[in-house]
Every structure is written in C-alpha cells, then in structure tokens.
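Enquirer: My numbering puts the first residue of the sequence shown at 9, with every later residue one more than the last.
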Amino acid sequence: MARPRTVDEYIDGFTGPGRELLEQLRALAHEAVPEASEAIKWGHPAWVHPSGTILFMVSGHARHASIAFTPSTREGFDAELAGFATGKGTVKLPYGQPVPGDLLRRMIAFRVREHEDDGVLWM
Numbered sequence: 009m010a011r012p013r014t015v016d017e018y019i020d021g022f023t024g025p026g027r028e029l030l031e032q033l034r035a036l037a038h039e040a041v042p043e044a045s046e047a048i049k050w051g052h053p054a055w056v057h058p059s060g061t062i063l064f065m066v067s068g069h070a071r072h073a074s075i076a077f078t079p080s081t082r083e084g085f086d087a088e089l090a091g092f093a094t095g096k097g098t099v100k101l102p103y104g105q106p107v108p109g110d111l112l113r114r115m116i117a118f119r120v121r122e123h124e125d126d127g128v129l130w131m
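#1: Would leucine 36 and tyrosine 103 qualify as a contact pair, given that the criterion is a beta-carbon distance under 8 Å?
#2: Whose C-alpha, out of Glu43, Ala40, Ser59 and Ser67, is nearest the C-alpha of aspartate 16?
#3: Taking the alpha-carbon positions, what's the alanine 76 to tryptophan 130 distance?
#4: What separation, rounded to the nearest whole angstrom, lies between the Cα atoms of leucine 63 and alanine 54?
#5: With 16 other CB atoms within 10 Å as the buried threshold, where does glycine 91 fall?
#6: Helix, strand or coil: which one does DSSP assign to proline 79?
#7: Name the residue from Gly127, Glu88 and Thr61 whose alpha carbon lies nearest to the alpha carbon of alanine 43.
#8: Quick one: Cα of phenylalanine 85 to Cα of methionine 115, how far?
#9: For the alpha helix (DSSP H) containing methionine 65, name the first residue and the last one.
#10: Three-state secondary structure (DSSP) at alanine 44?
#11: Which residue comes first and which comes last in the beta strand (DSSP E) that contains valine 99?
#12: Going by the beta-carbon positions, is the gap between proline 12 and tyrosine 18 smaller than 8 Å?
Below you can see the structure in the form of structure tokens.
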C-alpha cells in the first residue's frame, strides 16, 4: 500500500469505528483551528499553523486513534486526562467511545496560544 499523500487518502485507509473517529477528529480540528492547513507529516495527518509549525497530529491504530501535541500541551491537561492512556505528547482515544470534544478543543486552543504567544515549536 502506498503512503498517503493527503488526509483524505489517510482516512480512506480505515473502515468502521477507526474511520469514524478520524473523521470526527478532522471535523473538530477544522472547527477549532480553521486557519490551520492539513498536511501529511511522517505518514500521518497534521494540522499546520500558517507560520509553518505543526500544531498537532492524529494517527489511527488497530483499537484506538492518537492525537499528538507537544509534551507541554499534554502536561497542561494531565488532571483531565487521568482516564486516558497518554504518552510524551499523545492521548489515546479508544474506538467506540465518545470523543472528548470540549477537552480536545481546549487542548488545541492551548497549543495555538503556546505557539503564537510563547514561540513553542513542534517537538
């Protein structure tokens, strides 16, 4: 299978709950940060600030999707992420469970602010 060149191609590689969750995350990203552009970075969908800096990325896996922020963004929401598996900058979102839309919108807003106000670049 060829590597996806667009976010559409990436999402087209999934079916069922995986595809549904990735589409929900994409819609949420467009709503939360409409000025960002979509790109494929390291084989995964990324949302890029007009300055060229990656704001966040998503990836689909066998049983979950992940959303990746900077570690500082993820750490800023540790208390609210207690019910989720997390990594250095990632949050696992299991298929078949509701998307924590409000939390993700606030995390995206935090990430945009830390980039625009504090100059925090991608990892």
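Every residue, glycine too, gets a C-beta built ideally from N, C-alpha and C. It should be emphasised that the depicted structure is a prediction, and the values quoted were computed from it without experimental measurement.
Expert: This is what the structure gives:
#1: Start at 1 with the first residue of the sequence shown, and residue 36 comes out as number 28. Start at 1 with the first residue of the sequence shown, and residue 103 comes out as number 95. Contact: no.
#2: For the purposes of this step, residue 16 is taken as residue 8 along the sequence shown, with counting starting at 1. Selected option, being the one with the closest Cα: Ser67.
#3: Position 68 of the sequence shown, counted from the start, is the residue given in the question as residue 76. Position 122 of the sequence shown, counted from the start, is the residue given in the question as residue 130. So the alpha carbons of these two residues sit roughly 10 Å apart.
#4: Locating residue 63 in the sequence shown gives position 55, counting from the first residue. Locating residue 54 in the sequence shown gives position 46, counting from the first residue. When rounded, the distance between both Cα atoms is 7 Å.
#5: On the sequence shown, residue 91 is found 83 positions in, with the first residue counted as 1. Answer is exposed; the Cβ neighbour count stays below 16.
#6: Locating residue 79 in the sequence shown gives position 71, where the first residue counts as 1. Proline 79 falls in the helix class under three-state DSSP.
#7: On the sequence shown, residue 43 is found 35 positions in, with the first residue counted as 1. The sequence shown places glutamate at residue 43, rather than the alanine named in the question. Measuring from the Cα of glutamate 43, the nearest candidate turns out to be Thr61.
#8: Here the question's residue 85 lines up with position 77 in the sequence shown. Here the question's residue 115 lines up with position 107 in the sequence shown. Between phenylalanine 85 and methionine 115, the C-alpha separation is close to 7 Å.
#9: Stepping through the sequence shown from its first residue, residue 65 is reached at position 57. First-last for methionine 65: 62-68, but that is the beta strand (DSSP E), not the alpha helix (DSSP H).
#10: What you label residue 44 is simply residue 36 of the sequence shown in a count that begins at 1. Alanine 44: coil per DSSP, three-state reduction.
#11: Start at 1 with the first residue of the sequence shown, and residue 99 comes out as number 91. 98-102 is the extent of the beta strand (DSSP E) around valine 99.
#12: Taking the first residue of the sequence shown as position 1, residue 12 is located at position 4. Taking the first residue of the sequence shown as position 1, residue 18 is located at position 10. Yes, they are a contact pair.
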